[in-house]
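Only one structure is covered here, and it is reproduced in the block below.
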Amino acid sequence: MRRLVRLAKLRWRVEQNYQQLKEELGLDHYEGRGWQGWHHHVTLV
0 MRRLVRLAKL RWRVEQNYQQ LKEELGLDHY EGRGWQGWHH HVTLV
């Protein structure tokens, strides 16, 4: 049970970090589908 709670907390933290990246770095504007396009977008941001 402890492991399940710990994993649930990690997921929440990851979601929070992802939301922050989207807001601060403009990752929500990326609509590409591949790794190369994503990497290019993130490098430019």
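Its first residue numbered 0, the sequence shown is counted upward by one per residue in numbering that gives the first Met the number 0. Here a beta-carbon is modelled for each residue, glycine too, at the ideal position from N, C-alpha and C.
In the structure shown, glycine 36 falls within a helical segment according to DSSP collapsed to helix, strand and coil. Excluding the 5 residues flanking it on each side, arginine 5 has no same chain C-beta neighbour closer than 8 Å. Note on geometry: alpha-carbon atoms of leucine 9 and histidine 38 lie some 25 Å from one another. Per the coordinates, the alpha-carbon of glutamate 22 lies some 32 Å from the alpha-carbon of arginine 1. For leucine 6, the enclosing alpha helix (DSSP H) begins and ends at 1-24.
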